[in-house]
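Below is one structure; the comments refer to it alone.
2 protein chains.
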Amino acid sequence: MDKDDFGLRHLSMLSDFYELTMANGYFENGMDGQTAYFDMFFRKVPDGGGFVIAAGLQQIVEYLQNLSFTEDDIDFLRSKAIFSESFLEYLRDFEFKCDVWAVPEGTPVFPYEPLITVNGPVIQAQFIETMLLLIINHQSLIATKTNRIVRAASGRAVVEFGSRRAHGSDASLYGARAAFIGGAAATSCTLADQKFGIPAAGTMAHSWVQLFDSELEAFKTYARIYPKSCVLLVDTYNVMKSGIPNAIKTANEELLPKGFRLKGIRIDSGDLSYLSKQARKALDDAGLSDCKIMVSSSLDEDIIRELILQDSPIDSFGVGERLITAKSDPVFGGVYKLCAVEKDGHLLPRIKVSNNVEKITNPGFKKVFRLYSNDSRKALADVITLFDEAIDASEPYEIFDPLFPWKKSTLENFHAKELLVRIFDKGRLVYELPSMDEIRTHAASMADTLWPELKRFENPHQYYVSLSRKLWNLKDSLIREHSQK
Amino acid sequence: MDKDDFGLRHLSMLSDFYELTMANGYFENGMDGQTAYFDMFFRKVPDGGGFVIAAGLQQIVEYLQNLSFTEDDIDFLRSKAIFSESFLEYLRDFEFKCDVWAVPEGTPVFPYEPLITVNGPVIQAQFIETMLLLIINHQSLIATKTNRIVRAASGRAVVEFGSRRAHGSDASLYGARAAFIGGAAATSCTLADQKFGIPAAGTMAHSWVQLFDSELEAFKTYARIYPKSCVLLVDTYNVMKSGIPNAIKTANEELLPKGFRLKGIRIDSGDLSYLSKQARKALDDAGLSDCKIMVSSSLDEDIIRELILQDSPIDSFGVGERLITAKSDPVFGGVYKLCAVEKDGHLLPRIKVSNNVEKITNPGFKKVFRLYSNDSRKALADVITLFDEAIDASEPYEIFDPLFPWKKSTLENFHAKELLVRIFDKGRLVYELPSMDEIRTHAASMADTLWPELKRFENPHQYYVSLSRKLWNLKDSLIREHSQK
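Protein chains in written order, with our numbering: chain A, 402 to 886; chain B, 402 to 886.
Written out as structure tokens, the structure is:
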């Protein structure tokens, strides 16, 4: 486990204020013993993509393990003069007691299926809403966006360069973490290397070049100090008139350690397709065919696809602001909804109805199965079921569109795997957090189970997320019940 | 000063890796004594707006005051096998020694003018680039976006509700801080209240309503517990058929404390214009004309303007995801550029040339004056000058467009104020950090000095940022020098 100090930061008060007023309200109303079930899910894949990559679970675990309230917190809340002393006492002795199920990080996930399910005392299960959403929404957004960029780069390395444009220091650090899960090869963020072992990389800034009396002197000095990892930024003055000629001179400099090879050049402005071709030719002509070309400059998946379509001889991409802010679609709309309560020992499903049918929630305590073809090993569909259900893979299984249930299909010759794993058992961590490398490998191997049609950028195939017949019937009866009110 | 613990977090390693490799390079090349000058500025106002509101200085101060390297940091860097032991020794004894000038938080600022100027040992002045940019870029983005939303709301309160969709926990906390500077009245983020005194506010979630056997019971319970601040969420089932009638019943409930008044209702979905009108009428008819109407649901400045244009009787807006991510334009492109070096006791200006004239930097150690009309007290123009210049307001002053210098104008009857203030003197803090309320008041009073034409949403007036004749001549000569190379 690559443990960072997220849990050691005291973030218990990073909660919407209404979580606290509701908690106090439940407490005051004698409902602190009430058990409630919540699902975290999303309704829309960012950028109209085919799938989302779940990320952020490790930080949620660390947050939950350290959830507590200090005397300062209690005093602050008391100063609001709306919280009862007995509630503040409850917070002072707070101990997290919920059950938590979650989809492991790196798993491709789809709209409407629970990524996290929490059950426990309603005060607790409700209170953690803000941080759960904030963490999953952020990291899943960046992992998903990065994966688009990595797919566009078709095997060339993508290095995350976004720290300076991230929305605060966490967005930089955990954005780098999520980008790695999504497939980035490295990051510019040193802290992400120190904390998570994500390789930190970088070249030089224009200021390095400007600080010397000449570009050539700047290059030679850098080559002398970093003979094994010398990547030169060639666009401070003029790429083809100055940067590339000086890079070639540096590569041929006799005073450098024997065996010195110029590892690469970076172009950070201008027409990257034209310049990369010109630079490649000049480098090849100078016998530097092993010198790599990296480009950067407000890149995203669209620009990278264009560059590759134009046969630009680019070896790696530094992608900054548009990755780290998910510029094209920066809101990941995960929500956290009540789905059941326990009353007198019975589990009572709850639904949120809406005139917008897509906003009607799936009631009850649920789980999710992913059905894989035994032949292709590809994922065929996900099925959301009630918690006491199983899927018998020895029989044909009918899936259907939950909104248009006459759209059906029958699956055969498949096997089913549960998607959510148990993370906390009544507040006790029962899940071994995987390492970053394990998460990244899991993400890559899970992505291999997706049909290529799901990975298209425009109008990808819509993956099937079905409900079990039993869950559909329950939902249908609750909707009818509410519409009769 | 509202001190938070930002400086106490150890974020020294949140730096682009190339800052460290360059620092080691300067050190190894015997340039650790070299003094360099850097400017932080931006080139484009987000969303095509007329101005940016500078924010984030307090966190920069706290970061710089606590900049140091632990043994863990040193060990980590050593493990990279590219840093010299003497450089690591330098880091171990690191002491921040730079001069820093900055624009106070809340000040409206414009493209190309320095918001921060740093000078000192090049290793230090370069190293802090990542955090300086990250903090200013983030908070200025959110303050500026919020100010657009607040302007659209035309005097109605805007409450920042974005935590759950923020890009990590810092984006929530410091986003709430920046939103307050930009004019938000309150935040949903409890931590922002605890740390910065920004009023935390909130109503209830749908889950509160769902958890009770009926909406009416949920409302009455809430009213009983929070008789003085009872705002009811009325859209869990159906606003006009259920939510509003139950809110009215609650307002008239006899068992509540004497003098109970329903403070407000919140509508979180549906046609907010239609529903707010219907709700207003129903509430007024029930004698509840003092009951306020709050709306939320993916709001931004455009939707709010439409709602107001349609005379929607809305008293306040809860604005979440589109504010906290600055969805319409989530990248604030502040940069940090070398502008001068000291050599043999002389200050040598440095320029970054580019085929794109807008990307050519302003050379030299500079300051910025804002010129105000003595009659209207409005800001007329900013002038960037070299550091040893003054502006004599007793004489007519000619300003011009730095890109098209034949576009000129002569100002008379004005007074000039310097925009940047000294924050650190050779690493010693010499600036008294204002309180959040002082910053917010400063922002509001500075905004009053801007012509209304600058505050338009579409095609605002372009504010004049001129160069002094001396600076323009210097820039021109450096460009000519470079183009002759």
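C-beta atoms are modelled at their ideal positions from N, C-alpha and C, and glycine is treated no differently.
Every value quoted in this text rests on a predicted model; they were computed, and no experiment measured them.
Query: Cut-off 8 Å between Cβ atoms - residues of its own chain near B/Phe511, not counting five sequence neighbours on either side; Result: Val446, Phe452, Val453, Asp783, Tyr864, Val866
Query: CB contact flag (B/Gln611, A/Leu739, <7 Å); Result: yes
Query: Proximity test, Cβ basis, 7 Å: B/Ala601 and chain A; Result: yes
Query: 4 or more residues per run - each alpha helix (DSSP H) lying fully within the stretch 455 to 519 of chain A; Result: 458 to 466, 472 to 480, 486 to 493
Query: Beta bridge counterpart(s) of B/Leu748 as assigned by DSSP; Result: B/Glu743
Query: Under 7 Å by beta carbon: chain B residues contacting A/Asp571; Result: Gly569, Ser570, Asp571, Ala572
Query: Neighbour flag for B/Phe613 against chain A, beta carbons, 7 Å; Result: no
Query: Neighbour list for A/Asn538 in chain B, Cβ cutoff strictly below 7 Å; Result: Arg565, Arg566
Query: Chain B contact for A/Glu819 (CB, 7 Å cutoff); Result: no
Query: Span separating the alpha-carbon of B/Asp789 from that of B/Leu872; Result: 11 Å
Query: Start-to-end residues for the alpha helix (DSSP H) that takes in A/Arg681; Result: 673 to 686
Query: Beta carbon proximity, A/Glu722 to chain B, threshold 7 Å; Result: yes
Query: Test: B/Arg841 CB closer than 7 Å to a CB of chain A; Result: no
Query: Check: B/Ala606 C-beta below 6 Å from any heavy atom of the ligand ATP; Result: This structure lacks the ligand ATP; in fact it carries no ligand of any kind.
Query: Contact list for B/Glu490 against chain A, beta-carbon separation under 7 Å; Result: Ordered by position in chain A, no residue passes the 7 Å Cβ test against B/Glu490, which lies about 17 Å from the chain.
Query: A/Arg667, buried or exposed, once every other Cβ within 10 Å from all chains shown has been counted against 16; Result: buried
Query: Opening and closing residue of the beta strand (DSSP E) in which B/Val769 lies; Result: 767 to 774
Query: First and last residue of the uninterrupted alpha helix (DSSP H) at A/Lys596; Result: 591 to 597
Query: Interface residues of the stretch 422 to 433 of chain B facing chain A [CB-CB below 9 Å]; Result: Thr422, Met423, Asn425, Gly426, Tyr427, Glu429, Asn430, Met432
Query: Local conformation of A/Gly521 per DSSP, three classes; Result: strand
Query: Whether A/Ala579 touches A/Gln527 by CB criterion (7 Å); Result: no
Query: Span separating the alpha-carbon of B/Ser615 from that of A/Thr786; Result: 27 Å
Query: Reference B/Ser755, options A/Ala844, A/Thr436, A/Asp669, A/Asn860, closest by Cα; Result: A/Asp669
Query: Within chain B, the residues that A/Gln527 reaches when beta carbons sit closer than 7 Å; Result: Ser608
Query: Contacts of A/Cys590 in chain B (Cβ-Cβ under 9 Å); Result: Met414, Leu415, Ser416, Asp417, Phe418, Thr531
Query: Partner residues on chain B for A/Gly576, Cβ-Cβ distance less than 9 Å; Result: His568, Gly569
Query: Environment of B/Phe620 [buried if 16+ CB atoms lie within 10 Å]; Result: buried
Query: Cut-off 8 Å between Cβ atoms - residues of its own chain near A/Tyr427, not counting five sequence neighbours on either side; Result: Asp433, Gln435, Val523, Ile524, Gln527
Query: CB-CB length for A/Gly576 against A/Gly563, believed under 8 Å; Result: 6 Å
Query: DSSP state of A/Asp405 mapped onto helix, strand, coil; Result: Note that A/Asp405 scores 48 on pLDDT, short of 50, meaning its location in the model is unreliable; the coordinates nonetheless yield the value given after this. Coil at A/Asp405, not helix or strand.
Query: Cα-Cα separation between A/Met532 and B/Glu722, rounded to whole angstroms; Result: 15 Å
Query: Opposing strand residues paired with A/Met441 [DSSP bridges]; Result: A/Ile517, A/Tyr737
Query: Same chain, Cβ closer than 7 Å to A/Asn860, five either side skipped, listed in chain order; Result: none
Query: Any alpha helix (DSSP H) of 4 or more consecutive residues that is wholly inside the stretch 817 to 872 of chain B; Result: 837 to 849
Query: Rounded C-alpha distance that separates B/Lys629 from B/Lys664; Result: 7 Å
Query: Interface residues of chain A facing B/Thr508 [CB-CB closer than 9 Å]; Result: The contacting residues do not exist; B/Thr508 stays about 21 Å from chain A at best.
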